[in-house]
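Participant:
In my numbering, the protein residues as written are 274 to 429.
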């Protein structure tokens with residue numbers, strides 16, 4: 274399938290410098306980190322959640338899990354995982370389960386875990402299960418400048 278056209282157009286429109294890293298097809302973020310030969314702590318995993326008002330993409334390190342209680346406290350709401358059907362509707366040109374961290378390209382609000390904002394390099398899904406977007410930490414911070422942030426994940 275390749276990189277999501279929506280994502281590519283978004284990154285290019287803002288002049289974000291990135292490259293793509295091809296890897297064997299994987300089914301989860303820990304497998305992706307292994308296949309791409311990168312530390313799981315610099316692979317940004319997207320978790321799509323919702324409350325009674327909106328969908329939100331929480332971007333956390335791949336070696337962490339989303340701490341719903343911390344997220345709920347941070348945003349003063351009650352969040353739960355979005356369904357697979359909702360993901361298909363929200364990320365139409367992405368493979369199922371390959372949600373890019375730059376979900377703002379799709380008009381979705383993003384919240385990024387603070388742990389990812391101090392990394393020298395960051396990788397995230399390109400919209401399929403065989404490519405990762407790679408950029409340096411400064412580019413990632415620029416990309417996430419309008420996103421909310423906080424600490425809402427725990428090491429797995």
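For each residue, glycine too, the CB sits at the ideal point set by N, CA and C.
These figures come from a predicted structure and were not determined experimentally.
1. Might you give, ordered along the chain, the residues of its own chain that have their beta carbon closer than 7 Å to the beta carbon of residue 279, omitting 5 neighbours on each side?
2. Taking the alpha carbon of residue 455 as the reference point, which residue from 418, 428, 371, 385 has its own alpha carbon closest?
3. Check the C-beta distance from residue 425 over to residue 331 and give it rounded, since I have them as a contact under 8 Å.
4. Are the CB atoms of residue 400 and residue 277 nearer to each other than 7 Å?
5. Pick out whichever of 310, 303, 334, 300 has its Cα sitting closest to the Cα of residue 428.
6. Can you tell me the Cα-Cα spacing of residue 282 and residue 416, whole angstroms?
7. State the Cα-Cα distance for the pair residue 397 and residue 291, rounded to the nearest angstrom.
8. Can you tell which of 320, 302, 395, 410 has the C-alpha that lies nearest to the C-alpha of residue 382?
9. How is the alpha helix (DSSP H) around residue 278 delimited, first residue to last?
10. Have a look at the DSSP bridge pairing and note the partners of residue 388.
Facilitator: On the basis of the supplied data:
1. Correct list, in chain order: 366, 378, 379.
2. Any answer about residue 455 is impossible in this case: the structure gives the chain only from 274 up to 429.
3. About 7 Å separates the beta carbons of residue 425 and residue 331, which is inside the 8 Å limit, making them a contact pair.
4. Taking 7 Å as the Cβ cut-off, residue 400 and residue 277 qualify as a contacting pair.
5. Among 310, 303, 334, 300, the Cα nearest to that of residue 428 is on 334.
6. Each residue's alpha carbon lies about 13 Å from the other.
7. A direct Cα-Cα distance of roughly 11 Å separates residue 397 from residue 291.
8. Ranked by Cα distance from residue 382, the options 320, 302, 395, 410 are led by 320.
9. 278-286 is the extent of the alpha helix (DSSP H) around residue 278.
10. BP columns for residue 388 are empty, so no partner.
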